[in-house]
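Chains as they are written, first to last, in our numbering: chain A, 433 to 515; chain B, 433 to 515.
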């Protein structure tokens, strides 16, 4: 079974309240190295057999049409998972 | 500014209702190649300057303690973003 990874992040100009909440919690837990946090999504799409270029093309289309909201999010990566 | 990517996925044995919902929607939208979908999270942690091994160590700790729930999720990747 092949796996395709799709990664989606909020656009830079969009407020990310989850990221802000994490950034606010970090110092209280002793994490002082980080100056910014953004939270997005990671999908694993499984296909029968090895990942082909046709699978990747369908995954890119699904990423734009279903897995992300193009108004507020960018698809940052669509790639086959390497074993 | 350096960026560290942290990726978190539901454990394989944990039900993933969001992934199931997406899998159910795929055929209605003409996506027929995919036999499984899992949805997880992707974080971007920003640090001042270049990413160092100390930053990565703190990110690994944050991933385990704050960014994931170890009962139901696995941290699948902690790495510096390459430009």
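For each residue, glycine too, the CB sits at the ideal point set by N, CA and C.
The region 461-472 of chain B: which residues have C-beta closer than 9 Å to a C-beta of chain A, in chain order? 461, 462, 463, 464, 465, 466, 467, 468, 469, 470, 471, 472
Just the C-alpha distance for residue 452(B) and residue 446(A), rounded to the nearest angstrom, thanks. Position 20 of the second chain, counted from the first residue, corresponds to residue 452(B). Position 14 of the first chain, counted from the first residue, corresponds to residue 446(A). Between residue 452(B) and residue 446(A), the C-alpha separation is close to 28 Å.
Would residue 492(B) pass as an interface residue toward chain A - the criterion being a Cβ-Cβ separation below 8 Å? What you label residue 492(B) is simply residue 60 of the second chain in a count that begins at 1. Not closer than 8 Å to any Cβ of chain A, the Cβ of residue 492(B) fails to qualify, so no.
Check for me: the alpha helix (DSSP H) holding residue 468(B) runs from which residue to which? Within the second chain, the letter at position 36 stands for residue 468(B). From DSSP, residue 468(B) is part of no alpha helix (DSSP H) but of the beta strand (DSSP E) over 466-479.
Proximal chain B residues relative to residue 447(A), where beta-carbon distance stays under 7 Å: Counting from one through the first chain, the residue named residue 447(A) turns up at place 15. Those within 7 Å of residue 447(A) in chain B number zero; the least Cβ separation is about 15 Å.
Taking 8 Å as the threshold (beta carbon to beta carbon), is residue 474(B) in contact with chain A? On the second chain, position 42 is the one that residue 474(B) refers to. Interface residue, yes.
Report yes or no: is there a C-beta of chain A within less than 8 Å of the C-beta of residue 495(B)? Residue 495(B) sits at position 63 when you count from the first residue of the second chain. It does not; no Cβ of chain A falls within 8 Å.
Extent of the continuous beta strand (DSSP E) to which residue 439(A) belongs: In the first chain, counting from the first residue as 1, residue 439(A) sits at position 7. Segment 434-442, the beta strand (DSSP E) holding residue 439(A).
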